[in-house]
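Numbering (my numbering), first residue to last: 631 to 1048.
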């Protein structure tokens, strides 16, 4: 049973890693491996085809079926604001590390001529982030962020019209479920695609690839564990006050191990809810923060997004510097990680959005590289994302139930057991 569960949770990831490694070996010993490139191109094209309907149906369905009352609305607003702030903090930390320890020291051969589209002003960037000139423009894979905004607005419209009880709400939910299965089918092909892509890439660009990926992982993995023992205690102390850090460390172990073992934020929801109840967090807070966090609280994914962007800048020989660039990186990382993680295959879509914004003319190279980094850092990223859901419930409790909520919960528990 344990072996079957392990393969269920990690089987596709192991297959992808095997495809990457075998592709690298073939590319290193066979210069003609460039003929395998179409295997990877097929996967990219399949993702291009599904990205628009996937994003629209998933997000619109989620919003359309959302149920909240007055207190729940306050909880949700505080929760989302906290997710955005902690995500931005994670981005700033990783940007600092990427400046201190660049993941790629030398551009990959033949990549130096690639540039980033930075001609637009910041105000134009904001407009293009959130809107498109007409409905037809929304149907392009180059308008992912405006599509997300439209899907949210459309979802609220359906919600006001009856939500899950109206015909459109049911249709969106069914379409979203269908898209989930389509993504799963495409994902089964990913190991073959990665084999072909990396065989071609190693044959073309050489062994520098392996060294650069290793350098990136040496930065990312330790950072995740440092974050747990530095940022999480600060969030817990801010949210719960005296005794909160000790309580947090007492209850965070199970969610951390569960998420690391299952590689799934959703699979960690029951454990997080159990620990939140044992801590004394109000039931309605836990039942909104933790499930919502499983799809939106993604500090580890924000780390990964900045890592991918900095990595690709190094690959293409583009300076990773400038306040305007860093603001754009933070905005993209937070929005793509927080906004897309609840979508089936959301990691792939978030990476797609990132690449389409920074490297629109080099998608065929940038996108598979970003996906690979995402797969390599997925276990510790999920651990940060999932265990952080429990920690964020401390912060939300402070604003909803008062800054002494934990002390009252401890006192009530003590009186009950006396």
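Using N, Cα and C, we set each Cβ at its ideal position, and we do this for glycine too.
The ligand FMN heavy atom lying under 8 Å from the CB of residue 864: Only the bare structure without any ligand can be found here, which leaves the ligand FMN out of the picture.
My output table needs one value for residue 902: the three-state DSSP class, helix, strand or coil. In the chain shown, residue 902 corresponds to position 272, counting from 1. Helix, per DSSP.
With distances taken Cα to Cα, identify the nearest neighbour of residue 737 among 875, 1039 and 946. Along the chain shown, read from residue 1 onward, the residue named residue 737 stands at position 107. Minimum Cα distance to residue 737 is reached at 946.
Note down the Cα distance separating residue 944 from residue 783, rounded to an integer number of angstroms. In the chain shown, the residue the question calls residue 944 occupies position 314. In the chain shown, the residue the question calls residue 783 occupies position 153. Rounded to the nearest angstrom, the two C-alpha atoms are 37 Å apart.
Going by the CB atoms, is the gap between residue 1020 and residue 920 shorter than 9 Å? Against the chain shown, residue 920 aligns to sequence position 290. Against the chain shown, residue 1020 aligns to sequence position 390. Cβ atoms of residue 920 and residue 1020: closer than 9 Å.
Using CA atoms only, rank isn't needed, just tell me which of 895, 1008, 1001 and 1006 is closest to residue 1016. Counting from 1 along the chain shown, the entry for residue 1016 is found at position 386. Looking at the Cα atoms, 895 is the closest of the given residues.
The alpha helix (DSSP H) with residue 1010 in it runs from where to where? On the chain shown, position 380 is the one that residue 1010 refers to. From DSSP, the alpha helix (DSSP H) with residue 1010 extends over 1008 to 1031.
So what does DSSP say about residue 785, is it helix, strand or coil? Here residue 785 is taken as the residue at index 155 of the chain shown, counted from 1. Three-state result, residue 785: helix.
Range of the contiguous alpha helix (DSSP H) that encloses residue 929: As a working note, residue 929 is residue 299 in the chain shown. First-last of the alpha helix (DSSP H) with residue 929: 929 to 945.
Simplified DSSP state of residue 603, which is helix, strand or coil: No answer is possible for residue 603: the residues shown for the chain start at 631 and end at 1048.
Could you give the first and the last residue of the continuous alpha helix (DSSP H) run that contains residue 768? In the chain shown, the residue the question calls residue 768 occupies position 138. Segment 765 to 768, the alpha helix (DSSP H) holding residue 768.
Closest by CA to residue 682, which one among 766, 843, 730 and 721? For this step, residue 682 is matched to residue 52 along the chain shown. Looking at the Cα atoms, 766 is the closest of the given residues.
Which residue from 661, 760 and 724 puts its Cα closest to that of residue 852? Within the chain shown, numbered from 1, the residue matching residue 852 stands at position 222. Cα-wise, what sits closest to residue 852 is 724.
Short of 7 Å in beta carbon distance, which residues of its chain neighbour residue 918, apart from the five on each side in sequence? Order them along the chain. Mapped onto the chain shown, residue 918 falls at position 288. Answer for residue 918: 702, 705, 706 and 709, listed in chain order.
DSSP state of residue 803 mapped onto helix, strand, coil: Your numbering for residue 803 matches position 173 in the chain shown. Note: residue 803 maps to helix in three-state DSSP.
Applying the 10 Å Cβ sphere with the 16-neighbour rule, what's the burial state of residue 693? Residue numbering aside, residue 693 sits at position 63 when the chain shown is read from its first letter. The residue in question, residue 693, is buried, as its Cβ has 16 or more Cβ neighbours within 10 Å.
Taking its Cβ as the centre, do 16 or more other Cβ atoms sit within 10 Å of residue 742, making it buried, or is it exposed? Your numbering for residue 742 matches position 112 in the chain shown. In this prediction, residue 742 scores a pLDDT of 47, lower than 50, which makes its location untrustworthy; the coordinate-derived value is nonetheless stated afterwards. Exposed, by the Cβ-count rule.
Looking at C-alpha atoms only, which residue of 933, 770 and 662 is the closest neighbour of residue 718? Along the chain shown, read from residue 1 onward, the residue named residue 718 stands at position 88. Of the listed residues, the one whose Cα sits closest to residue 718 is 933.
Between the alpha carbons of residue 883 and residue 789, how many angstroms are there, rounded? The residue given as residue 883 occupies position 253 in the chain shown. The residue given as residue 789 occupies position 159 in the chain shown. Spanning the two alpha carbons is a distance of roughly 37 Å.
Proximal residues to residue 873 (C-beta, below 8 Å), its chain only, five neighbours per side dropped: What you label residue 873 is simply residue 243 of the chain shown in a count that begins at 1. Here the set comprises 1036, 1037 and 1040.
Checking 9 Å against the spacing of the C-beta atoms, do residue 716 and residue 1026 come in under that value? Counting from one through the chain shown, the residue named residue 716 turns up at place 86. Counting from one through the chain shown, the residue named residue 1026 turns up at place 396. Cβ distance not < 9 Å, so residue 716 and residue 1026 don't count as in contact.
Since residue 820 and residue 663 should fall inside the 8 Å C-beta cutoff, what is the C-beta to C-beta distance between them, to a whole number of angstroms? As a first step, residue 820 must be located in the chain shown, where it is residue number 190. As a first step, residue 663 must be located in the chain shown, where it is residue number 33. About 18 Å separates the beta carbons of residue 820 and residue 663, which is beyond the 8 Å limit, so they are not a contact pair.
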